[in-house]
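Notes to accompany the following structure.
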Amino acid sequence: MGGAAARWRERQSARGIPEHILRAAPADPWTQVPADFAPPDVPADTPSRTAARALAERAAARTCAGVSVLDVGCGGGDASLAAAWPDLSPVARVVGLDRQADMLGVFAAAARSRGIPYGTVRGSWPDAAEEAGRHDVVVCHHVLHNVVDLPPFLAALTGAVRGGGVGGGVVVEMLPEHPMAWLDPLWARFHDLHRPAPATAEDAVAVLGEEFGITAQVHRWERERRLPHGPEWVARRLCLPAERVGEVAEALATIPPRRTAAVTLVWTP
Ligand SMILES: C[S@@+](CC[C@H](N)C(=O)[O-])C[C@H]1O[C@@H](n2cnc3c(N)ncnc32)[C@H](O)[C@@H]1O
10 MGGAAARWRE RQSARGIPEH ILRAAPADPW TQVPADFAPP DVPADTPSRT AARALAERAA
70 ARTCAGVSVL DVGCGGGDAS LAAAWPDLSP VARVVGLDRQ ADMLGVFAAA ARSRGIPYGT
130 VRGSWPDAAE EAGRHDVVVC HHVLHNVVDL PPFLAALTGA VRGGGVGGGV VVEMLPEHPM
190 AWLDPLWARF HDLHRPAPAT AEDAVAVLGE EFGITAQVHR WERERRLPHG PEWVARRLCL
250 PAERVGEVAE ALATIPPRRT AAVTLVWTP
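Each residue of the sequence shown is one higher than the one before, counting from 10 in the working numbering.
The following block contains the structure:
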């Protein structure tokens with residue numbers, strides 16, 4: 010394992026919650042609510058969407074056929090459905106892969122209501138890569154910061170592009186640093202837990218270069234949609250009970266607000 014992959018592993022491993030804090034937590038701090046990931050009625054016009062559509066158009070021009078998009082860690086399908094809909098697109102089919110069945114339910118309902126042919130694969134990437142098969146475009150939004158061992162995860166994304174990337178490619182969207190890093194000062198304040206520096210988008214780019222010789226295009230931009238940041242939501246993430254939401258609200262006023270910055274990485278095999 011190269012230095013960049015080792016750095017990613019070390020930084021991601023340090024994001025865990027110590028056992029004694031988890032045991033005392035009133036609710037699971039990791040749970041994601043599927044409804045929070047339902048795709049918007051009108052997809053946001055982002056560099057990720059532009060890149061996925063451009064790859065789809067290139068793939069369609071090469072194959073003269075309908076394009077398929079694989080959405081790894083699809084949640085409600087925001088990434089792939091934005092590439093396929095609502096304006097004219099060569100995307101003929103989307104496949105959502107997620108380890109949570111309830112997320113796949115949101116994805117399937119969203120694809121059906123938009124009239125987009127779809128498939129689903131329940132499983133964990135990269136283990137489920139074979140079942141997912143190959144596609145023209147592979148999108149993976151806001152999943153990398155769940156991963157500790159990054160090289161096999163990235164290798165499987167690249168490997169899932171049909172025909173060695175004739176026209177198609179991979180689009181990854183992520184935050185510039187671990188999505189919970191903005192709460193590090195509050196972990197110190199409430200739990201005396203002092204976290205080291207988080208894994209960043211630059212770290213992921215370095216892994217692509219060092220492990221695979223891939224130079225990703227990097228687009229930095231600002232999201233319009235605010236991610237969850239209210240005191241109740243934060244208290245749960247910090248493993249604190251409802252009685253402490255007021256204290257959390259006060260503490261939140263002392264730290265910089267949750268950032269809206271995002272990063273899109275694009276590469277072809
Ligand atoms: C933060 S959500 C992002 C959902 C969606 N891509 C979006 O941008 O709205 C992360 C999703 O990835 C899924 N996930 C995380 N790690 C995964 C893995 N190794 N394999 C499959 N799904 C994964 C989670 O279940 C969750 O639905």
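All C-beta atoms, glycine included, are put in the ideal place defined by N, C-alpha and C.
(request) Compute the distance between the beta-carbons of R204 and V272, then report whether it is under 7 Å. (result) On the sequence shown, position 195 is the one that residue 204 refers to. On the sequence shown, position 263 is the one that residue 272 refers to. No, Cβ-Cβ distance for R204 and V272 is not below 7 Å.
(message) For a test of the three-state rule: what should DSSP assign to H228, helix, strand or coil?
(response) Taking the sequence shown and counting its residues from 1, one reaches residue 228 at position 219. Taken through DSSP and simplified to helix, strand or coil, H228 comes out as strand.
(message) Among A244, R268 and A270, whose alpha-carbon lies nearest the alpha-carbon of A36?
(response) The residue labelled residue 36 in the question sits at position 27 within the sequence shown. A36 has its Cα closest to that of A244, out of A244, R268 and A270.
(message) Beta-carbon within less than 8 Å of V6's beta-carbon, same chain only, minus the 5 sequence neighbours each way: which residues are those?
(response) Nothing about residue 6 can be read from this structure; the chain reaches only from 10 to 278.
(request) Hey, could you find the ends of the beta strand (DSSP E) V147 is sitting in? (result) Reading the sequence shown from its first residue, position 138 is the one you call residue 147. V147: member of the beta strand (DSSP E) spanning V146 to H150, first to last residue.
(request) Determine the burial state of T224: buried for a count of at least 16 other Cβ atoms within 10 Å of its Cβ, exposed for fewer. (result) The residue given as residue 224 occupies position 215 in the sequence shown. Answer is exposed; the Cβ neighbour count stays below 16.
(request) Spatial neighbours of G75 within its chain, please: CB distance less than 8 Å, with the 5 preceding and 5 following residues excluded, ordered by chain position. (result) Residue 75 sits at position 66 when you count from the first residue of the sequence shown. The beta carbon of G75 sits closer than 8 Å to the beta carbons of A69, P99, V100, A101 and R102 from its chain, once the five residues preceding and following it are set aside; these are given in chain order.
(request) Return yes when the C-beta of H200 is under 6 Å from any heavy atom of ligand 1, and no when it is not. (result) As a first step, residue 200 must be located in the sequence shown, where it is residue number 191. Using a cutoff of 6 Å, the CB of H200 does not count as near ligand 1, since none of the ligand's heavy atoms is closer than that.
(message) Please identify the residue among L192, P56 and V216 whose C-alpha is closest to the C-alpha of A206.
(response) As a first step, residue 206 is located in the sequence shown; it is residue number 197 there, counting from the start. Nearest of L192, P56 and V216 to A206, Cα basis: L192.
(request) Sort G239, V147, A120 and V156 by Cα distance to R62 and report the nearest one. (result) Within the sequence shown, residue 62 is the residue found at index 53, counting from 1. For the set G239, V147, A120 and V156, the Cα lying nearest the Cα of R62 is the one of V147.
(message) Assuming contact is defined by CB atoms lying nearer than 7 Å, are L113 and G124 in contact in what I supplied?
(response) Locating residue 113 in the sequence shown gives position 104, where the first residue counts as 1. Locating residue 124 in the sequence shown gives position 115, where the first residue counts as 1. Cβ distance not < 7 Å, so L113 and G124 don't count as in contact.
(message) Using a strict less-than 5 Å threshold between each residue's beta carbon and the heavy atoms of ligand 1, what residues do you get?
(response) Of all residues, those with a beta-carbon under 5 Å from at least one heavy atom of ligand 1 are F46, G82, G84, D87, D107, R108, Q109, M112, S133, W134, H150, H151, V152 and N155, reported in chain order.
(request) Express the C-alpha separation of S122 and E219 in angstroms, rounding to a whole number. (result) Sequence index remark: in the sequence shown, residue 219 carries index 210 (1-based). Sequence index remark: in the sequence shown, residue 122 carries index 113 (1-based). Their Cα atoms are separated by approximately 42 Å.
(message) On a Cα-Cα basis, can you pick out the residue from W94, A34, S133 and A210 that is closest to A14?
(response) For the purposes of this step, residue 14 is identified with residue 5 of the sequence shown, where counting begins at 1. Nearest C-alpha to A14: A210.
(request) Scan the region 116 to 187 and note each continuous alpha helix (DSSP H) run of 4 residues or more that stays entirely inside, going in chain order. (result) Secondary structure within the region 116 to 187: the alpha helix (DSSP H) runs of 4 or more consecutive residues, fully enclosed, are 138 to 141 and 159 to 168 (chain order).
(message) Nearest by alpha-carbon distance to L261: which of G11, A270, A197 and H154 is it?
(response) Locating residue 261 in the sequence shown gives position 252, counting from the first residue. The candidate whose alpha carbon is nearest that of L261 is A197.
(message) Using a Cβ distance threshold of 8 Å, determine whether the region 46 to 59 contacts the region 77 to 87, with at least three qualifying pairs required.
(response) The region 46 to 59 is in contact with the region 77 to 87.
(message) Between I264, P188 and L163, which has its C-alpha nearest G222's C-alpha?
(response) Translated into the one-based positions of the sequence shown, residue 222 becomes position 213. Of the candidates I264, P188 and L163, the residue whose Cα lies closest to the Cα of G222 is L163.
(request) From the DSSP output, in three-state form, read off S77 for me. (result) In the sequence shown, residue 77 corresponds to position 68, counting from 1. Strand, per DSSP.
(request) Could you please give me the residues that DSSP links to G106 through a beta bridge? (result) The residue labelled residue 106 in the question sits at position 97 within the sequence shown. Note on identity: in this sequence residue 106 is Leu, with Gly being the wrong assignment. Answer by DSSP bridge pairing, in chain order: V81 and V130.
(message) Buried or exposed, going by whether 16 or more other CB atoms sit within 10 Å of the CB of W39?
(response) Within the sequence shown, the letter at position 30 stands for residue 39. Of the residues assessed, W39 falls on the exposed side of the cut-off, its CB having fewer than 16 other CB atoms within 10 angstroms.
(request) Tell me, to the nearest whole angstrom, how far the beta carbon of S22 is from that of V227; I am working on the premise that it is less than 8 Å. (result) What you label residue 22 is simply residue 13 of the sequence shown in a count that begins at 1. What you label residue 227 is simply residue 218 of the sequence shown in a count that begins at 1. About 25 Å separates the Cβ atoms of S22 and V227, ruling out a contact at the 8 Å cut-off.
(message) Using the Cβ count rule (16 or more neighbours within 10 Å means buried), how would you classify G177?
(response) Stepping through the sequence shown from its first residue, residue 177 is reached at position 168. It is buried - the Cβ of G177 has at least 16 other Cβ atoms within 10 Å.
(message) For I26 and H187, what's the separation of their Cα atoms in angstroms?
(response) Mapped onto the sequence shown, residue 26 falls at position 17. Mapped onto the sequence shown, residue 187 falls at position 178. Cα to Cα, I26 sits roughly 14 Å from H187.
(message) Using a 10 Å radius around the Cβ and a threshold of 16 neighbouring Cβ atoms, would you call E233 buried or exposed?
(response) Walking along the sequence shown from the start, residue 233 turns up at place 224. With a 10 Å radius around the Cβ and a threshold of 16 neighbouring Cβ atoms, E233 comes out exposed.
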